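One gets our numbering by counting positions in the sequence shown from 1 and adding 33 to each. Beta carbons: idealized from backbone N, C-alpha and C, even for Gly. Computed from a predicted model, the values in this text were never measured in an experiment. Working notes for the structure below.
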Amino acid sequence: MKQIFADTFYWVALINPQDNWHQQAREVTSSLKNVKLVTTDEVLVELLNFMSVRGANRKRRTVEFIDNLLQNPHLQVIPQNRESFLQGFELYRRRPDKEYSLTDCISMTVMQRLKISQVLTHDNHFQQEGFIILFE
34 MKQIFADTFY WVALINPQDN WHQQAREVTS SLKNVKLVTT DEVLVELLNF
84 MSVRGANRKR RTVEFIDNLL QNPHLQVIPQ NRESFLQGFE LYRRRPDKEY
134 SLTDCISMTV MQRLKISQVL THDNHFQQEG FIILFE
């Protein structure tokens, strides 16, 4: 089964009706057939952090959304661990000229390890590392 990585950008667009990319995220989601989505604990932490300042209702909905994600058999959440941190940190160290976040670096190293080439994002940092972004 084909694997596609789901970046924070995608989750934010999907759950936030006011997001400029919301409709496209919904369309992409409905078009995903025979695909296993992959994300990381770090991406989910970034999503929770982003939504934490958007009001109690949005925060509650995000918690429910993640609870549902964690039960979704078509999604693999890669657990946070020391090895993933160190691998991401090494990429972060090697790219002082880039504005990559540590979460993006961890995502990229996970994608490399799992041989995932496509990512649900609009973040061109992934393109700079040779990945195919699915929101243009």
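- For Thr73, the enclosing beta strand (DSSP E) stretches over residues Val68 to Thr73.
- Around the Cβ of His107, a 10 Å sphere holds fewer than 16 other Cβ atoms; the residue is exposed.
- With contacts defined as CB atoms closer than 7 angstroms, Leu135 and Asp40 fail to qualify as a contacting pair.
- When only Cα atoms are considered, Asn82 and Asn67 end up about 30 angstroms apart.
- Under the three-state reduction of DSSP, Phe38 is assigned to strand.
- DSSP places Leu167 outside both helix and strand once states are collapsed to three, so it counts as coil.
- Taking C-beta separations shorter than 8 angstroms and ignoring five residues to either side along the sequence, the partners of His55 in its chain run Ala46, Leu47 and Asn49, following chain order.
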